[in-house]
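> The structure under discussion is supplied below as structure tokens; questions concerning it will follow.
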Ligand code: UD2
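This is the structure:
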């Protein structure tokens, strides 16, 4: 090999080496850029396809069309927020289409408890039939009926995603005990089954019927319903338990609203805590021979005074059939039927 050939070969080898280094650098850079780009695309896609708010905010699907919300116009005849900034749900304060479209993809399920002990079984058919028409229609619903007369539970046709379970409970010759023991049975139900069976639970009086939508607008952590009998009154007239010896005691000048014992609910763990606390306090009172003025309703009111509900339902959500409708009540969704206490209760 002469000197010229050696020089040419050296130049060629050096050039090849340089090209190799250059190629490797460019391809590394390109890979890095495209990796970042793919990541962004993947991120965006997963954010769109699998929205997960971890429960901290509501996720709406794209392209749901609904009336433009306004902060200038709305209900002015009623208050729709509490002083602790929980919504108070009235007709005209929410959009059912929007709310259903938010909750539907979450595949939520709702449990409901209803007690039909003794002659109160007579109210169950109407309760179940009207629930089928108005209570969380289109969602998964599991109704738990507690009764001492399981054979008399009526057959009511239910939609495919709805089911009914009957649980036997002992009867009692005191209506006060039947009403108050509900807290214990709700606590046990949640511990045994319902906590894994549903996301939310509502506990409702059986001597009632649905007339209008009760749906996703009612969902919340801890949900209370304003009693239809006292919502226009001064708090001094609320029938809270007024004896300081009772664990349901609410002092004069205290208390926000008067809530119903006939309807309350929320997330499973919240209702569990409420039921457990009210049961404990009711039983501790009983050991000291004291029964609160309105049994578990009094304990519930004390509980809600300290543990502020995260959503409050207006009296649309539990009216009373014997009362004429007040102008601010644009719709009655659920109401207590007229009943003859002397005829249906085991004791006066
Ligand atoms: C109020 C409350 C109720 C409860 C009670 C105080 C409303 C509308 N109602 O209603 O929830 O707090 O005061 O104890 O807020 N039950 C039976 N068999 C009986 C008696 C009662 O199954 O023999 C069940 C049944 O589910 C009934 C519920 O207990 O709906 C409440 O009893 P109530 O309706 O007689 O109580 P009431 O009208 O005083």
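In my numbering, the protein residues as written are 3 to 350. Every residue, glycine too, gets a C-beta built ideally from N, C-alpha and C.
#1: Work out the CA separation of residue 326 and residue 261 for me, nearest whole Å.
#2: Quick one: what's got a C-beta closer than 6 Å to residue 113's C-beta in the same chain, skipping five residues either side?
#3: When DSSP builds the beta bridges, which residues end up paired with residue 226?
#4: Kindly give me the distance between the Cβ atoms of residue 84 and residue 252, rounded to whole angstroms, as I take these residues to be in contact under 8 Å.
#5: Give a yes or no on contact between the stretch 70-77 and the stretch 300-317, applying the rule of three or more CB pairs nearer than 8 Å.
#6: Whose CA, out of 172, 281, 245, 211, lies closest to the CA of residue 131?
#7: May I ask which residues mark the beginning and end of the alpha helix (DSSP H) holding residue 336?
#8: Round the Cβ separation of residue 162 and residue 284 to the nearest angstrom and send it over; I've been treating them as touching at under 8 Å.
#9: Between the alpha carbons of residue 258 and residue 156, how many angstroms are there, rounded?
#10: Taking the alpha carbon of residue 190 as the point to measure from, which residue in 122, 61, 270 has its own alpha carbon closest?
#11: Give the list of continuous beta strand (DSSP E) stretches no shorter than 3 residues that lie fully inside the stretch 76-135.
#12: Give every residue of the same chain whose Cβ lies closer than 6 Å to the Cβ of residue 180, excluding the five residues on either side of it in the sequence, and list them in chain order.
#13: What does the alpha-carbon distance come out to for the pair residue 153 and residue 127?
#14: First and last residue of the alpha helix (DSSP H) that includes residue 146?
#15: Buried or exposed for residue 63, please, with buried defined as at least 16 other CB atoms from any protein chain shown within 10 angstroms of its CB.
#16: Do you know offhand how far residue 254's Cα is from residue 278's?
#17: Is the closest heavy atom of the ligand UD2 to the C-beta of residue 264 under 7 Å?
#18: Where does residue 251 sit, in a helix, a strand or coil, going by DSSP?
#19: Express the C-alpha separation of residue 312 and residue 104 in angstroms, rounding to a whole number.
#20: On a CA-only basis, which of 150, 87, 205 is nearest residue 272? Give me that one, please.
#21: Can you look up residue 296 in the DSSP assignment and give me helix, strand or coil?
Taking the geometry as given:
#1: 20 Å
#2: 144, 196, 200, 203
#3: 266, 314
#4: Between residue 252 and residue 84 the Cβ distance is about 17 Å, and since that is not below 8 Å, they are no contact.
#5: no
#6: 211
#7: Premise fails: residue 336 lies in the beta strand (DSSP E), 336-338, not in any alpha helix (DSSP H).
#8: The pair is not a contact, with the Cβ atoms about 38 Å apart (cut-off 8 Å).
#9: 39 Å
#10: 270
#11: 111-118
#12: 119, 174
#13: 13 Å
#14: It is not in any alpha helix (DSSP H) - residue 146 instead sits in the beta strand (DSSP E) that spans 142-149.
#15: exposed
#16: 26 Å
#17: yes
#18: strand
#19: 18 Å
#20: 205
#21: coil
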